[in-house]
Structures are given as structure tokens and as C-alpha cells.
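Numbering (our numbering), first residue to last: 1 to 119.
Okay, here's the thing in C-alpha cells:
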């Protein structure tokens, strides 16, 4: 049993990592990863739409189920590209205390600078 709910994601990611190079015939995770990030992304999109539908239908029980599917498939996508949840946590930590509008503007400004450099 997980001692802290926040540890569930880390433990789930460890399981995904352990299975990602496994037998695709025996593991859904291995099968999904073997198909590549684009396929995983489509599955993540599908699960996200199902979560949105549950929310639009004001169905919190179904929304929780679909949110779990979204999180799982996002973790599979991260694992497929060797991105750890710690990298995501670090980005979220840096964003704490920064206005969402301010943070978004800073990213858009950085994107514009990259376009100028690339020309």
C-alpha cells in the first residue's frame, strides 16, 4: 500500500519504466510504447476527450475514472520519450507563484526569439 497518495504517480511511472521494454504480447504498456509516441498521443487524446465528455455531463465519478486514464497515458508518453515526472515537477515548481498569464507570455516571448534566431 502506498503511504502517501503523492507517491502513486512515482510508483506507477516505475512500473511503466519496468514494462516499457517488455513483451508487447503480454503487456499493454509495452505494446503501446512499441507503437511510438504518435500512437500514445492519439490514445492520450482519446482519453482526454472522454474526460471532457464526463465533465460536460457533470459526472464526477466518470470524470475521476477518465482522469486516471489520462494520467496513466501521459506517464506512458513521458516514459516513451525518456522524460521523467521529476522533470515535470521541476517545471511546475518553477511556475509556482508566477501568474499564469505572465508565465504564458514569457514562453511566447521565448518562442518568438527562437524563430528570429532560426531565420
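Every residue, glycine too, gets a C-beta built ideally from N, C-alpha and C.
- Here residue 31 has 24 as same chain residues with Cβ atoms under 6 Å from its own Cβ, once five neighbours each way along the sequence are excluded.
- Between the alpha carbons of residue 71 and residue 90 lies a distance of about 18 Å.
- With fewer than 16 other Cβ atoms inside 10 Å of its own Cβ, residue 15 counts as exposed.
- Of all C-beta pairs linking the stretch 72 to 79 to the stretch 51 to 62, fewer than three are shorter than 8 Å, placing the two stretches out of contact.
- For residue 45, the enclosing alpha helix (DSSP H) stretches over residues 37 to 56.
- Across the structure, residue 99 and residue 53 are spaced so that their CA atoms are roughly 29 Å apart.
- For residue 51, same chain residues with a beta-carbon under 7 Å away, outside a window of 5 residues either side, are 63, 66, 67 and 70 in chain order.
- One thing to note: residue 9 has its Cβ no nearer than 8 Å to the Cβ of residue 80.
- Counting along the chain, residue 65 sits inside the alpha helix (DSSP H) bounded by residues 60 to 80.
- By the neighbour-count definition (other C-beta atoms within 10 Å, threshold 16), residue 42 is an exposed residue.
- The C-beta of residue 101 has fewer than 16 other C-beta atoms within 10 Å across all chains shown, which makes the residue exposed.
- Here residue 95 is exposed. Its C-beta has fewer than 16 other C-beta atoms within 10 Å.
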